[in-house]
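Taken in sequence, the protein lines are chains A and B.
Counted from 1, the first sequence has number 106 at position 107 by numbering that gives the first Met the number 0; the numbering is strictly sequential.
Counted from 1, the second sequence has number 10 at position 11 by numbering that gives the first Met the number 0; the numbering is strictly sequential.
Glycine included, C-beta positions come from ideal geometry on N, C-alpha and C.
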Amino acid sequence: MLLNVEGLSKRFGGLVAVNRVSFQVRKGEIIGLIGPNGAGKSTLVNLITNYYRADSGRVMLDGYDLVGLKPNQVAQLGVVRTFQSSKPFMEASVLENVMIGAFLRTDNPKQARAVAMEALDLTGLLPFASVPAKSLTVQNRKRLELARALATKPKLMMLDEVMAGLNPREIDDALETLRQLKQSGLTMLVIEHVMRATMNISDRIIVLDHGEKIAEGSPSEVATNPKVIEAYLGQGYRHA
Amino acid sequence: MEVKGLRTAGKAAAPLSASRVLLLMLLAAVVVFPLGDQDEYTLRLATNIFYFGALGCAWNLIGGFGGQLSLAHAALFALGAYPTGLLLINFGVTPLIGGLAGIAAAVVGALLIGYPTFRLRGPYFALGTLAFNEITRILLLYFKDYTRGPLGLIVPFRGENPLYLQFANPEPYYYIALGILMLSVYVGYRVSRSKIGYYLMAIRGDQDAAESIGVDLTMTKLRVLAMSAALTGLVAVFYTVYIAYVDPESVASIDLSVKIVLIAIIGGMGTVWGPVLGAAILIPITELTNAWLGSGKAGASLVLYAILLIIIVLFSPRGLIIWLERPYRTLISHLSGKG
Chain A
0 MLLNVEGLSK
10 RFGGLVAVNR
20 VSFQVRKGEI
30 IGLIGPNGAG
40 KSTLVNLITN
50 YYRADSGRVM
60 LDGYDLVGLK
70 PNQVAQLGVV
80 RTFQSSKPFM
90 EASVLENVMI
100 GAFLRTDNPK
110 QARAVAMEAL
120 DLTGLLPFAS
130 VPAKSLTVQN
140 RKRLELARAL
150 ATKPKLMMLD
160 EVMAGLNPRE
170 IDDALETLRQ
180 LKQSGLTMLV
190 IEHVMRATMN
200 ISDRIIVLDH
210 GEKIAEGSPS
220 EVATNPKVIE
230 AYLGQGYRHA
Chain B
0 MEVKGLRTAG
10 KAAAPLSASR
20 VLLLMLLAAV
30 VVFPLGDQDE
40 YTLRLATNIF
50 YFGALGCAWN
60 LIGGFGGQLS
70 LAHAALFALG
80 AYPTGLLLIN
90 FGVTPLIGGL
100 AGIAAAVVGA
110 LLIGYPTFRL
120 RGPYFALGTL
130 AFNEITRILL
140 LYFKDYTRGP
150 LGLIVPFRGE
160 NPLYLQFANP
170 EPYYYIALGI
180 LMLSVYVGYR
190 VSRSKIGYYL
200 MAIRGDQDAA
210 ESIGVDLTMT
220 KLRVLAMSAA
230 LTGLVAVFYT
240 VYIAYVDPES
250 VASIDLSVKI
260 VLIAIIGGMG
270 TVWGPVLGAA
280 ILIPITELTN
290 AWLGSGKAGA
300 SLVLYAILLI
310 IIVLFSPRGL
320 IIWLERPYRT
330 LISHLSGKG
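What follows is the structure, given as structure tokens:
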């Protein structure tokens, strides 16, 4: 078991954003985390990486208790996340952005550069290596988030809507990249709004609604679960 | 591509790149400059440019590379100057040793200032450091039994004595200031090329993103602020023997903090050479306006700083160094072509 989330809760004033959520992630799996807007998906990521402090519950990574650590310490242990609204270091070049990720595992600029080049290659950003990050398109900024996270050599990567705002072709590209990463043995938690994307690549899917886990299972199980259809897929199915 | 290949093949024998040759030429010019029988005023002006350039470089580490707009650097300067001056006046300790206490005080002060204020972001950080700067100035005035309050410390001249860094002529000070400036530039150069420099770039870019890929925000900032404070303290030690007068208004005022920041902004924040250029521009301008308006008019310098700042932010927000970039490259390619 790589990640073990037990009874995680977070309350903002009167609103319970995440309510006693528990789940587990095995090595090499891709877990899809879905749910309607405001279901608590991003909050959950913020709790696991300690950007927010949980009111109760705990998170174990490979036997380490993550509670009370700072976000950078969580990254050090191998859990790295991307942001829903991508946050490149604008003034820096694409290569420099990714090198900063690589510096988590080395102090040597040459080694960091080599690792960064690898990550750029994997994400198709190699032609943009020397371009300032601020000049990238939305699609490439999402790729940059991914490359920067990859360069930290994570055990678990949590991707917060890396496919939001992409067109269908770009989504296919992104899915292909994620498949390659899975083949290399990387474990991922993929938070997505794009249903097709999640259904396609996830081994298991967890569904959140109003901060609670309402379903968990294989993509086909989840897709036919009446609770899920009611909470989330209902509207989509009516349109289809 | 072929030409480039040929050139590098031909250059393999030459150990110096064109940029290094240029740097050495510049350095040689600055080193022989005083030998040309300059008047004392010119040498003092150059010395001022050097040590203010060094202060700009020191600030630039945390403020430029790290994007943390510290307004507490005058306080750090005062923490470097006062121990040096007090040890010299009260106990006759040479600034070569007393200066170590000054530098240590600046570093400790920096850590005390940085630990609480680094939690603050953006303008709140700048305001927090500004508050610390004022507190330091007021404490220096308040504890007048030790600091002589507003009267300040007058460092007596005991005759030419290199062991006390006291010289009758301006030349030695010129060279000491030049050495401190070179050290400061070198530290900036090394930082910008190392892991910590990349981490500073990340912190300047987006602190949340930096943290998500493992950057320890507080530790990185504290380490760099400590380096910045050590250099600031070093300049303060020099200042104490060179100016031979230290008082809260001149070394711990907001005026000085703003001046240091402005040097880096005018030249180019987050660049290795920007603060040097900034000092070479700002210091002569302030000398001129002081001569015009008389330095007695309180606030005149702040008005000047504000005007300069507005001009820079409007017309060249990345500093003036970027205007030198293209001529520099042209020059380098010419030199390489001939070499």
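- Between B:Leu255 and B:Phe49, the CB-CB gap reaches or exceeds 7 angstroms.
- Boundaries of the beta strand (DSSP E) harbouring A:Met187: Thr186 to Ile190, taken from the DSSP string.
- Collapsing the DSSP output to three states places B:Asn132 in a helix.
- Comparing C-alpha distances from B:Ala228 to each of B:Ala53, B:Gln37 and B:Leu34 shows the shortest one belongs to B:Ala53.
- The beta carbons of A:Val44 and A:Arg57 sit no closer together than 7 angstroms.
- Of all residues in the segment 187 to 204 of chain B, only Arg192, Ser193, Lys194, Tyr197, Tyr198, Met200, Ala201, Arg203 and Gly204 place a beta-carbon less than 8 angstroms from a beta-carbon of chain A.
- Within the segment 211 to 225 of chain B, contact with chain A at the beta-carbon level (separation under 8 angstroms) is assigned to Ser211, Ile212, Gly213, Val214, Asp215 and Leu216.
- Around the beta carbon of A:Asn166, fewer than 16 other beta carbons lie within 10 angstroms, which makes this residue exposed.
- The Cβ-Cβ distance between B:Thr239 and B:Thr83 falls below 7 angstroms.
- The distance from the Cβ of A:Val93 to that of A:Val130 is about 6 angstroms, consistent with a contact at the 8 angstroms cut-off.
- Put simply, the CB of A:Arg80 is near chain B, with a gap under 7 angstroms to one of its CB atoms.
- For A:Asn139, the secondary structure class from DSSP, reduced to helix, strand or coil, is helix.
- Only Pro108, Ala111 and Ala132 from the segment 108 to 140 of chain A bring a Cβ to less than 9 angstroms from some Cβ of chain B.
- Between B:Leu68 and B:Ala125, the CB-CB gap stays under 7 angstroms.
- Fully enclosed beta strand (DSSP E) runs of no fewer than 3 residues occupy 14 to 24 of the segment 8 to 32 of chain A, in order along the chain.
- Contact annotation: in the segment 147 to 167 of chain A, residues whose CB is within less than 7 angstroms of a CB in chain B are Arg147, Ala148 and Thr151.
- The segment 222 to 301 of chain B is shown to contain no whole beta strand (DSSP E) run of 3 or more residues.
- Scanning chain B for C-beta atoms nearer than 8 angstroms to the C-beta of A:Asn199 yields nothing, as the closest lies near 26 angstroms away.
- Per DSSP, the beta-bridge partners of A:Gly216 are A:Ile204.
- Looking only at A:Ala113, A:His192, A:Asn107 and A:Leu46, the smallest Cα-Cα distance to A:Phe11 is reached by A:Leu46.
- Beta-bridge annotation (DSSP): A:Gln75 is not paired with any residue.
- For B:Ile253 and B:Gly66, the gap between their C-alpha atoms comes out near 19 angstroms.
- A direct Cα-to-Cα measurement between B:Tyr81 and A:Gly100 gives close to 42 angstroms.
- Residue pairing by DSSP places A:Met157 opposite A:Arg80 and A:Leu188 in a beta bridge.
- Shown here, A:Arg57 sits in a strand according to DSSP, grouped into three states.
- Close CB contacts of A:Gly39 within its chain, under the 6 angstroms cut and outside five residues either way in sequence, are with Ala16, Val17, Leu207 and Gly210 (chain order).
- Each of B:Ala251, B:Leu301, B:Asp215 and B:Ala109 was checked against the Cα of A:Val73, and the nearest Cα belongs to B:Asp215.
- Interface flag for B:Ala208 against chain A is set, since a Cβ pair is found closer than 7 angstroms.
- The segment 240 to 252 of chain B makes contact with the segment 141 to 151 of chain B: 3 or more CB pairs, one atom from each, lie closer than 8 angstroms.
- The segment 307 to 321 of chain B makes contact with the segment 257 to 271 of chain B, as at least three CB pairs between them are under 8 angstroms.
- Restricting attention to B:Ile195, B:Gln206 and B:Asp207, the CA atom closest to the CA of B:Met226 is found in B:Ile195.
- In terms of CA proximity to B:Leu95, B:Phe237 leads the group B:Phe237, B:Gly35, B:Asn132 and B:Thr217.
- Burial is judged here by how many other beta carbons sit within 10 angstroms of a residue's own beta carbon; B:Ala57 has at least 16 and is buried.
- Assignment of B:Ile175 by DSSP, reduced to helix, strand and coil, places it in the helix class.
- Residue nearest to B:Leu60 within the set B:Leu224, B:Asp36 and B:Gly97 is B:Leu224 (criterion: CA-CA distance).
- Boundaries for A:Met162: no alpha helix (DSSP H) harbours it, and the DSSP string shows neither H nor E there.
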